[in-house]
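K.L.:
With mature numbering (1 follows the signal peptide of the UniProt record, and there is no 0) applied, the sequence shown covers -17 to -1, 1 to 137.
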Amino acid sequence: MLRLLVLLPGLCAVAQGLVFERCQWAKLLKSRGMDQYQKISLADWVCLTRWESSFNTKTVNHNRDNSTDYGIFQINSKWWCKDGGVSKANGCNIMCSALLADDPTVAINCAKTVARQQGAKAWVAWRNRCQGKDLSPYLKGCGLDLSDPALHFL
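(1) For the beta strand (DSSP E) containing V2, list its first residue and its last residue.
(2) Less than 7 Å between C-beta atoms, sequence neighbours within five positions excluded: which residues of the same chain meet that for R112?
(3) Write down the C-beta distance between V2 and S50 rounded to the nearest angstrom, noting that I regard them as a contact closer than 8 Å.
(4) In this structure, does DSSP put D27 in helix, strand or coil?
(5) Can you round the beta-carbon distance between W62 and T32 to whole angstroms, since I take them to be within the 8 Å contact cut?
(6) What does DSSP give as the partner residue(s) for I91 in the beta ladder?
(7) Based on the DSSP output, what are the partners of Y53 in its beta bridges?
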């Protein structure tokens, strides 16, 4: 019994995944070319992922249509990845489980694919929580130089 109790905290940590701190996530997104990607600002990406997953790489949510949203961007299995369920299109050409990795490279690349095809409007959280709002608090105190005009022509 004691051995089981010792293992449980480790299992919980694995299930929780990597939860990024807001500024850490913003800096990572910027380093991966997400600021102004498809004219979506860095603040929009940070807001979107805050409300989709609370910056947690292992977030999984099941939808009424039997599809599932995966990872930090909550990418949907019906259109963007394959999970053995209701997957139809697999637009990112990946297994949905790859979106749950602590290394967000696959998730970021898939989010770029979604953005190229549908823009930020593909994410319900962006439409409900970020679109048309003052998003400056999402980058406040992060030490990011977003005033460089060159950043806005990428």
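Note that CB positions come from ideal geometry on N, CA and C, so glycine has one too.
P.N.:
On the basis of the coordinates in this document:
(1) As a position in the sequence shown, residue 2 is number 19, starting the count at 1. Note, V2: premise wrong, no beta strand (DSSP E); not H, not E.
(2) For the purposes of this step, residue 112 is taken as the residue at position 129 of the sequence shown. Taken in chain order, the residues that qualify are C30 and W34.
(3) Counted from its first residue, the sequence shown places residue 2 at position 19. Counted from its first residue, the sequence shown places residue 50 at position 67. About 24 Å separates the Cβ atoms of V2 and S50, ruling out a contact at the 8 Å cut-off.
(4) Against the sequence shown, residue 27 aligns to sequence position 44. Looking at D27 - three-state DSSP - the assignment turns out to be helix.
(5) Counting from one through the sequence shown, the residue named residue 62 turns up at place 79. Counting from one through the sequence shown, the residue named residue 32 turns up at place 49. That belief does not hold up - the Cβ atoms of W62 and T32 are roughly 18 Å apart, past 8 Å.
(6) On the sequence shown, residue 91 is found 108 positions in, with the first residue counted as 1. Under DSSP, no beta-bridge partner is assigned to I91.
(7) Against the sequence shown, residue 53 aligns to sequence position 70. V43 and I58, per the DSSP bridge assignment.
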